[in-house]
Amino acid sequence: MYIGYGLVLLGSIFLFLGSLGIYRMPDVYNRLQAGTKATTLGAMSLILGVGFIEPEWLIKTLFIVIFIAIANPLSSHALARAAYRANLTPFMKKKMDAYKSEFHQEKKED
Amino acid sequence: MQSPSFSIGKFLYNWLLMFVVWFGFTSSLAPEELLTGVLVSFIVSLMTIGIFRCCSLDIFLPQKLFYIFKYIFVFIVALFKSNLDVARRVLSPSLPINPGIVEFDTKLTNEFAKMVLANSITLTPGTLSIDLVDNRFYIHWIDVQSEDPEEAHRLIAKNFEDILLKIFK
Amino acid sequence: MEIVIYIAFSLIMLGLILGVVRFVKGPTAADRAVALDTMSIIATAAFALMALVFERFIYIDVALIYAVLGFIGMIVIARYLEGAL
């Protein structure tokens, strides 16, 4: 019971931090970094907390948690790839882009 | 595409997985629900056997189960670490980031294992997988510590990959 | 324990507001897609919390379906941005 409320509080704090990251970071990739990690753990622990407070909902909340753990990184990966292919150059202090050569090679083949 | 190799172990695993999903969606123990679930999951697993061919029944061997639980434990610890890392970066006023994209090769051969590794990399501290071409991962790293592929591989993926190699031979 | 629910809802609300600000400001389409992705996950969590507040089990189903639809929608948007659709 109290564990559940603790998880709900922890989850909402991480959800807020995730959107703060979305707001503050300088480019798409860094926004995805902050957004994905913080919101994944935030949503997982909040929904699991709801499951702990109401134990007969536990099975279905566990299913939502597993689904989020699998699906959220996948969608952020797809978005990162799409952003790179839409020619958004990443923000960098020092040039360090190993993907660039591969990307241009692939483009020539098309 | 490799040809869909139909084996009875894979089919039984698929059926069991589909039935567990059915049970989670209905979450009731009434006998008619369970019977309908057995039939529906049989039909669905027959239809999707060509797509879901990640693992077979030998996933339930005790040593593999041990490594699966170990993987889940390592993963949850990494998830908490990465969230504290994100919180530290987001809340500090100067935004301490030094982003870049690094590459490394993986030793995994199983497609499903590669997907699990890519997901784990996305959720571990400071890294985000961008693309996977054959065996080569391209990783966006929020605080680049090394450009060398070997060193990056050791820092990012080593402990996940060791466990995955034991699960998916 | 009511107070925890109030704090959780206010933090979620603040998070949604920051997401909307990024959605309106975001210089490129990809930024907006990222903001939308984050907002859909926050909304999933908010549905689960609403199920707790209103004591209705059916809202958990709403959260599950919203998670699935948000995932599929985000994949479609990513394919479109990539130029493969």
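Order-wise, the sequence lines are chains A, B and C. The letter at position 20 of the first sequence is residue 33 when you use my numbering, and the numbering goes up by one with no holes. The letter at position 96 of the second sequence is residue 134 when you use my numbering, and the numbering goes up by one with no holes. The letter at position 13 of the third sequence is residue 852 when you use my numbering, and the numbering goes up by one with no holes. Cβ coordinates follow ideal geometry from the N, Cα and C atoms, glycine included.
No Cβ of chain C is located within less than 8 Å of the beta carbon of N43(A). Within chain A, no C-beta atom comes less than 8 Å from the C-beta of V901(C); the nearest is roughly 11 Å away. Residue burial is scored here from C-beta neighbours: V915(C) has fewer than 16 other C-beta atoms within 10 angstroms and is therefore classed as exposed.
For F175(B), the three-state secondary structure derived from DSSP is strand. M878(C) and F118(B) have their C-alpha atoms some 21 Å from each other. Listed along chain A, the residues sitting closer than 7 Å to L857(C) by beta-carbon distance are S32, L33, I35, Y36. The straight-line gap separating the alpha-carbon atoms of A902(C) and D40(A) is approximately 30 Å. In this structure, A906(C) lies away from I35(A), with their beta-carbon atoms at least 8 Å apart. Counted as a single uninterrupted DSSP element, the alpha helix (DSSP H) harbouring V843(C) occupies residues 841–864.
Beta bridge pairing from DSSP links T165(B) with W179(B). Within chain B, the C-beta atoms nearer than 7 Å to that of Y97(A) come from I168, in chain order.
Counted as a single uninterrupted DSSP element, the alpha helix (DSSP H) harbouring G24(A) occupies residues 15–37. With contacts defined as CB atoms closer than 8 Å, A93(A) and Y42(A) qualify as a contacting pair. For L170(B), the pairing in a beta bridge is given by DSSP as F175(B).
Residues of chain A with a Cβ closer than 7 Å to the Cβ of N121(B) are, in chain order, F27, K50, A51, L54. Within the region 56–75 of chain A, A56, L59, I60, V63, I66, E67, W70, K73, T74 place their CB atoms closer than 7 Å to a CB of chain C, listed in sequence order. Annotated three-state conformation of F142(B) is strand, per DSSP. Scanning M56(B), Q101(B), E188(B), L77(B) for the CA closest to the CA of T86(B) turns up M56(B).
For N121(B) against A51(A), the beta-carbon gap comes to about 6 Å, under 8 Å, which counts as contact. For L61(A), the CB contacts under 7 Å within the same chain, skipping 5 residues up- and downstream, are L20, T74, V78 in chain order.
Given a length threshold of 4 residues, each whole run of the alpha helix (DSSP H) inside the region 58–86 of chain B is given here in chain order: 69–86.
At a Cβ-Cβ threshold of 8 Å, H178(B) and P137(B) count as neighbours. In the structure shown, N121(B) falls within a helical segment according to DSSP collapsed to helix, strand and coil. Between I194(B) and T165(B), the C-beta gap is smaller than 8 Å, which places the two residues in contact.
The beta carbons of S94(B) and K145(B) sit no closer together than 8 Å. Within chain A, the residues whose beta carbon sits less than 7 Å from that of V128(B) are L30, L33, G34, R37, A47, listed in sequence order. Per DSSP, the unbroken alpha helix (DSSP H) holding T53(A) starts and ends at 41–66. Residue contact check for A82(A) against chain C: no CB pair falls below 8 Å. Annotation: the continuous alpha helix (DSSP H) that includes E199(B) extends over 196–205. Taking 7 Å as the Cβ-Cβ cut-off, the region 883–900 of chain C approaches chain A at T883, A884, A887, L888, A890, L891, F896, I899, given in chain order. Those residues of the region 176–197 of chain B placed with their C-beta closer than 7 Å to a C-beta in chain A are Y176, H178, I180, V182, E185, ordered along the chain. Contacts with chain C at 8 Å (Cβ-Cβ) do not include L20(A). Short of 8 Å from the beta carbon of V59(B), and not among the five residues preceding or following it, lie these beta carbons of its own chain, in chain order: S79. In summary, E141(B) is buried, with 16 or more beta-carbon neighbours lying within 10 Å of its beta-carbon over all protein chains present. S65(B) has a beta carbon lying within less than 8 Å of a beta carbon in chain A.
Within a 10 Å sphere around the beta-carbon of F29(A) sit 16 or more other beta-carbons, which makes this residue buried.
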